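J.: Dumping the structure here so I can ask a few things about it.
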Amino acid sequence: MSSQEKTEILNAPEQPREREQRYDAQKIEQKWHQRWQQKPELYRAEPPNSARKKYYVLEMLPYPSGALHMGHVRNYSIGDALARFMWMKGYNVLHPMGWDAFGLPAENAALKNNTPPREWTLQNVANMKRQMNRLAFSYDWDTEITSCLPDYYKWNQWFFLKFFERGLAYRRKSKVNWCPECATVLANEQVVNGCCWRHEETPVEQRDLEQWFLRITKYADELLRDIEVLEGWPEKVRTMQRNWIGRSEGAQVEFQIENTADKVSVFTTRIDTIFGATSIQLAPEHPLVSRLIGNDPDLLSRLDELINDQRMAREAGDPNALEKRGFFTGTNAINPFNQEKIPIWIANYILMEYGTGAIMSVPAHDDRDYEFARKYGLEVRIVILPRRHEHGTQQDPALPYTAMDSLLINSGEFSGLGNHEAIKKMTQFAEQNAFGKGTVTFRLRDWGISRQRYWGTPIPMLYCDKCGIVPVPEKDLPVLLPEKVEITLQGGSPLSRVPEFVNAKCPKCGGVARRETDTMDTFVDSSWYFYRYTNAKLRTAAIDSKAVEYWFPIDQYIGGVEHAILHLIYSRFWTKIMRDMGLIKNSEPVERLFTQGMVIKNGAKMSKSKGNIVSPDEMVERYGADSTRVYALFAAPPDRDLDWQENGVEGVSRFLAKVYRLVTRYANFTGERSTKASAGSRELERKLHQTIRRVSSDFDGRWHFNTSIAAIMELVNAITAADAQIASGAITAAQIRSTMRSLVLMLAPFAPYIAAELWETLGEQSPILRATWPQFDPELAREEEVEVPIQINGKNRSRIVVPVGLPEAQVRELALKDEKIRSLIEGREVAKVIVVPDKLVNIVVR
RNA sequence: GCGAAAGUGGCGGAAUUGGCAGACGCACCAGACUUAGGAUCUGGCGGGUAAAACCGUGAGGGUUCGAGUCCCUCCUUUCGCACCA
Numbered sequence: 094m095s096s097q098e099k100t101e102i103l104n105a106p107e108q109p110r111e112r113e114q115r116y117d118a119q120k121i122e123q124k125w126h127q128r129w130q131q132k133p134e135l136y137r138a139e140p141p142n143s144a145r146k147k148y149y150v151l152e153m154l155p156y157p158s159g160a161l162h163m164g165h166v167r168n169y170s171i172g173d174a175l176a177r178f179m180w181m182k183g184y185n186v187l188h189p190m191g192w193d194a195f196g197l198p199a200e201n202a203a204l205k206n207n208t209p210p211r212e213w214t215l216q217n218v219a220n221m222k223r224q225m226n227r228l229a230f231s232y233d234w235d236t237e238i239t240s241c242l243p244d245y246y247k248w249n250q251w252f253f254l255k256f257f258e259r260g261l262a263y264r265r266k267s268k269v270n271w272c273p274e275c276a277t278v279l280a281n282e283q284v285v286n287g288c289c290w291r292h293e294e295t296p297v298e299q300r301d302l303e304q305w306f307l308r309i310t311k312y313a314d315e316l317l318r319d320i321e322v323l324e325g326w327p328e329k330v331r332t333m334q335r336n337w338i339g340r341s342e343g344a345q346v347e348f349q350i351e352n353t354a355d356k357v358s359v360f361t362t363r364i365d366t367i368f369g370a371t372s373i374q375l376a377p378e379h380p381l382v383s384r385l386i387g388n389d390p391d392l393l394s395r396l397d398e399l400i401n402d403q404r405m406a407r408e409a410g411d412p413n414a415l416e417k418r419g420f421f422t423g424t425n426a427i428n429p430f431n432q433e434k435i436p437i438w439i440a441n442y443i444l445m446e447y448g449t450g451a452i453m454s455v456p457a458h459d460d461r462d463y464e465f466a467r468k469y470g471l472e473v474r475i476v477i478l479p480r481r482h483e484h485g486t487q488q489d490p491a492l493p494y495t496a497m498d499s500l501l502i503n504s505g506e507f508s509g510l511g512n513h514e515a516i517k518k519m520t521q522f523a524e525q526n527a528f529g530k531g532t533v534t535f536r537l538r539d540w541g542i543s544r545q546r547y548w549g550t551p552i553p554m555l556y557c558d559k560c561g562i563v564p565v566p567e568k569d570l571p572v573l574l575p576e577k578v579e580i581t582l583q584g585g586s587p588l589s590r591v592p593e594f595v596n597a598k599c600p601k602c603g604g605v606a607r608r609e610t611d612t613m614d615t616f617v618d619s620s621w622y623f624y625r626y627t628n629a630k631l632r633t634a635a636i637d638s639k640a641v642e643y644w645f646p647i648d649q650y651i652g653g654v655e656h657a658i659l660h661l662i663y664s665r666f667w668t669k670i671m672r673d674m675g676l677i678k679n680s681e682p683v684e685r686l687f688t689q690g691m692v693i694k695n696g697a698k699m700s701k702s703k704g705n706i707v708s709p710d711e712m713v714e715r716y717g718a719d720s721t722r723v724y725a726l727f728a729a730p731p732d733r734d735l736d737w738q739e740n741g742v743e744g745v746s747r748f749l750a751k752v753y754r755l756v757t758r759y760a761n762f763t764g765e766r767s768t769k770a771s772a773g774s775r776e777l778e779r780k781l782h783q784t785i786r787r788v789s790s791d792f793d794g795r796w797h798f799n800t801s802i803a804a805i806m807e808l809v810n811a812i813t814a815a816d817a818q819i820a821s822g823a824i825t826a827a828q829i830r831s832t833m834r835s836l837v838l839m840l841a842p843f844a845p846y847i848a849a850e851l852w853e854t855l856g857e858q859s860p861i862l863r864a865t866w867p868q869f870d871p872e873l874a875r876e877e878e879v880e881v882p883i884q885i886n887g888k889n890r891s892r893i894v895v896p897v898g899l900p901e902a903q904v905r906e907l908a909l910k911d912e913k914i915r916s917l918i919e920g921r922e923v924a925k926v927i928v929v930p931d932k933l934v935n936i937v938v939r
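Numbering-wise, the first sequence is residues 94 to 939 according to the numbering used here.
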């Protein structure tokens, strides 16, 4: 600045408007974008020996589909605001980003555009990275991971081998969910309403295939138990996981089949009702079925119908759509508790996958059994009654009666017991007599990870005619995915048609071996990626245990609720195995989880078919990154759905322009223009500290950034309102400058570009990201006077201004003396006066 | 069917603990500045009234001096689960 300019400013503070500048978002953002591209170390965390306290903030990594959508922008704007805030609070912040880069869309794109999946994916990565940088998300790209590159997926393979060694990965033939659209298998978690999670209109089919599974059921109990520890997770997600794991305690009881040596085992949670069992119901696919019905053509065709029913129900996704039906096999079983013969039926409402695939049917005390029994005229026998019938009149309860607060009747020696006691004693009885035992059943199934696709991590296994299944030796990793592969959506894995890939040598006997051609589910990639971030370039191991020990658990994880069960349960599972392998010490990966709401437009989810997609690039081009980001946080609290309205973005843009004018206008005020603290100056100071309080506490607690930003807007309005006093010198230049400084600091987590620009305008040299968050002073935020409404019978009738903290008695006195109030209560009896200090007075009159 | 969340102006949303309903923003209206305004500034803006009164937080009831907030019943929307024995 020339000395002439300086003189000008000193001499002419009374005409500040001449110095204000127009806000040109594009120009400012280009300038800082370029600077920041050259200073990536700005976002780099310090090594684990840092004196700062660590803070690991993580957003879910995207699938590189081509371009960011508004959901990403929102997700990452939340995370970035937090990361920047934590930097300014003095933490050592790890804020990484990566790419969930394997997956079917790359193959579809390859088919459509004739571009190899790798090329297509990496192009998308480059584009989305450009968008992220343009939006100024503060990622440390030094820790970037890309799951489709061998230096990452090598470790998927390594983990797989370790799991195999530990018996946690195994192969078996099983009925699998097959999506004809994807031409591959889906995990149970990926089946939504009987359809594919990616193709919501495509019903999944059942097929029999040899598959690799991970034994997640081994951790079912721990995964369930530790949900209790996850206090920083939304209750909704915890509930969803509990339901998904679906633990239920009960008993298995074996029923002898009449005239044979065979037994049928049933699972029940209500062994206390076993004296009410009037039939056995088998799943149509139960292994005993063929023996029971032989080759009776009539029964076989009825069996087919039941199997068909189940398939249809699965595809419809609505069990109520299916009417229960079944038939008698002609054979009876014997109830081990009372030696009673009961018929064995086959029914379409019994699932082979759950429990033992067979139940004892107790129509009186189970909704489904009741419905079925009524239809077929099976006996309904009441064996429990509500407790109130203990003495007095016996009246049958409404059926089916399933309450646990009841007493047994007609149950031999167990009659008279309460349910809970009966369950205990009857289970014991079954164990003593060796026809049953207490068991726990889970809904959770082992995780099938085989996919008959090309674009994924090759499963590092070999099949040798002599040695059978042989793992690829660790030293031969990675098993590279071949580059030149013809992609088709039929006939199993494309890899099976690449001889160079398939043909291999058996590492055991040196003979001819065939490579596994299935690849891994991409949820494998995302199950442990956040560990890799802590030392992403490590070549000698999957993770750096020391670094993990410093950074974990993740302090804050942010993403969509759609991953509540899939990704988030697999990640927890993976963590527990890694702990058991001695790689890490933590048992859970994520301390706090935040699930943000969806971005919608005109009340509907954005989608191509609805044509209501808002492109981030377009927003950034039109209004700038800052406005886009601030709007994404301002329009709704982050956990709720957000309706994207473009004139809202415009409003935010106007607000930023106002801030820009304001700060540039007053930035160069120098020297004391007043020494007396005026009332206006005190008021502005108070407003500033109230704002600091609100914004800071929103970061600490509720994350309602919409109200934080509203508070900042109020502060800006207050400064504007104080304009006359600033011009007249009633507010000191020093105060204006420090107010501007705090304002800019508070804006920095939300709108980093304009904040950096104005920071410089205010004469600051060092990066605002390393500046200290404004200090809140409760003394300065305190109001001195407060306006108190006076109510009569709960209706506002007058108001008085009193000093804050004025004792109750005095407030009461002032209220009763108030002119308006006196005239209104004249001649009426005051029954009661309620005084809430600093809040209100309510006079109750009759 | 079961479970959870939500329902507040024309719109997005405020109201941390039972204490002035509608902060902040959008839209709209009026005015100022202006050659001009899709810039900026000022004012207005739940319904109602000339002004008041009065009525207003999905509906109905309750507790309380006082309810958007607590309790009960119901309605609507969204999400999750869904023959799990």
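All residues carry an ideal CB built from backbone N, CA and C; glycine is no exception. Source: prediction; values computed, not measured.
Along the chain, which unbroken stretches of the beta strand (DSSP E) at least 3 residues long are found entirely within the region 616 to 687?
T.: 649 to 653
J.: Looking only at C-alpha atoms, which of Ile238, Glu906, Ile636 sits nearest to Val926?
T.: Glu906
J.: Relative to the C-alpha of Ile670, which candidate in Lys255, Tyr169, Asp244 has its C-alpha closest?
T.: Lys255
J.: Just how far apart, CA to CA, sit Arg318 and Tyr643?
T.: 25 Å
J.: DSSP beta-bridge partners for Lys530?
T.: Paired residues: Gln345.
J.: Check whether the Cβ atoms of Asp648 and Arg685 sit closer than 8 Å, and answer yes or no.
T.: yes
J.: Using the three-state DSSP reduction, which class does Lys751 fall into: helix, strand or coil?
T.: helix
J.: Can you give me the Cβ contacts of Cys288 inside the same chain, cut-off strictly under 6 Å, excluding the 5 residues immediately before and after it?
T.: Thr295, Pro296
J.: Using the C-alpha atoms, what's the distance from Asn596 back to Lys559?
T.: 15 Å
J.: Which same chain residues, not among the five before or five after Ile677, have their C-beta less than 8 Å away from its C-beta?
T.: Tyr624, Ile636, Ser638, Val641, Glu642, Phe645, Thr668, Met671
J.: Do you know whose CA, among Ile785, Leu862, His656, lies nearest Trp337's CA?
T.: His656
J.: Between Phe594 and Ala313, how many whole angstroms is the CB-CB distance? I'm expecting something under 8 Å.
T.: Incorrect: roughly 36 Å between the Cβ atoms, too far for contact.
J.: Can you name the residues that DSSP bridges to Cys275?
T.: Beta-bridge pairing links Cys275 to no other residue.
J.: Using the Cα positions of Asp301 and Glu378, report the straight-line distance between them to the nearest angstrom.
T.: One C-alpha to the other measures close to 13 Å.
J.: In terms of residue numbering, what span does the beta strand (DSSP E) encompassing Trp248 cover?
T.: Premise fails: Trp248 lies in the alpha helix (DSSP H), 243 to 258, not in any beta strand (DSSP E).
J.: Report all residues from its chain with a CB closer than 6 Å to the CB of Arg830; omit the five preceding and five following residues, and keep chain order.
T.: Hits under 6 Å: none found.
J.: Can you have a look at Glu483 and say buried or exposed, based on whether 16 or more other CB atoms are within 10 angstroms of its CB?
T.: Note that Glu483 scores a pLDDT of 48, beneath 50, so its modelled location is shaky; the value from the coordinates is reported in the next line. Answer is exposed; the Cβ neighbour count stays below 16.
J.: By the 10 Å Cβ neighbour count, where 16 or more other Cβ atoms means buried, how is Pro618 classified, buried or exposed?
T.: The residue you asked about is not Pro; residue 618 is Asp in the sequence shown. By the neighbour-count rule (16 or more Cβ atoms within 10 Å), Asp618 is buried.
J.: Determine the burial state of Gln432: buried for a count of at least 16 other Cβ atoms within 10 Å of its Cβ, exposed for fewer.
T.: With fewer than 16 other Cβ atoms within 10 Å, it is exposed.
J.: Please classify Thr784: does DSSP put it in a helix, a strand, or coil?
T.: helix
J.: Taking the alpha-carbon of Gly675 as reference, which of Phe252, Ala160, Glu776 has the nearest alpha-carbon?
T.: Gly675 has its Cα closest to that of Phe252, out of Phe252, Ala160, Glu776.
J.: Note down, in chain order, each residue of its chain lying with its Cβ closer than 6 Å to the Cβ of Pro845, except the 5 sequence neighbours on either side.
T.: Ala229
J.: Between the alpha carbons of Leu661 and Ala203, how many angstroms are there, rounded?
T.: 30 Å
J.: Taking DSSP as the reference, what is the three-state secondary structure of Glu298?
T.: strand
J.: Let me confirm a value: Met497 is counted as buried when at least 16 other C-beta atoms fall within 10 Å, else exposed. Which label applies?
T.: So Met497 counts as exposed.
J.: Just list the residues that DSSP pairs Leu500 with in beta bridges.
T.: Leu478, Gly511
J.: Which residue marks the beginning of the alpha helix (DSSP H) containing Pro871, and which one marks its end?
T.: 871 to 874
J.: What are the start and end residues of the alpha helix (DSSP H) that includes Met839?
T.: In the DSSP assignment, Met839 falls within the alpha helix (DSSP H) that extends over 826 to 840.
J.: So, is Thr923 buried or exposed, given that buried needs 16 or more other C-beta atoms within 10 angstroms?
T.: Checking the sequence, you will find Val at residue 923 rather than Thr. That one is exposed.
J.: Report all residues from its chain with a CB closer than 7 Å to the CB of Val929; omit the five preceding and five following residues, and keep chain order.
T.: none
J.: Kindly indicate which residue of Thr865, Ser916, Gln903 has the alpha-carbon position closest to the one of Tyr184.
T.: Out of Thr865, Ser916, Gln903, Thr865 has the C-alpha closest to the C-alpha of Tyr184.
J.: Pull up the distance between the alpha-carbon of Lys780 and that of Phe869, whole angstroms please.
T.: 11 Å
J.: Under a Cβ-count criterion, where at least 16 other Cβ atoms within 10 Å of its own Cβ denotes burial, should Leu573 be classed as buried or exposed?
T.: Result: exposed.
J.: On the three-pair Cβ rule with 8 Å, is the region 421 to 440 touching the region 356 to 374?
T.: yes
J.: Of the residues Tyr724, Gly773, Gly505, Ile452, which one's Cα is nearest the Cα of Ile477?
T.: Gly505
J.: Give every residue of the same chain whose Cβ lies closer than 6 Å to the Cβ of Asn104, excluding the five residues on either side of it in the sequence, and list them in chain order.
T.: For Asn104, the predicted structure reports a pLDDT of 35, less than 50, and the residue's modelled location is therefore unreliable. A value from the coordinates is still provided. Shown here for Asn104: not one same chain residue has a beta carbon closer than 6 Å to its own, the five before and five after excluded.
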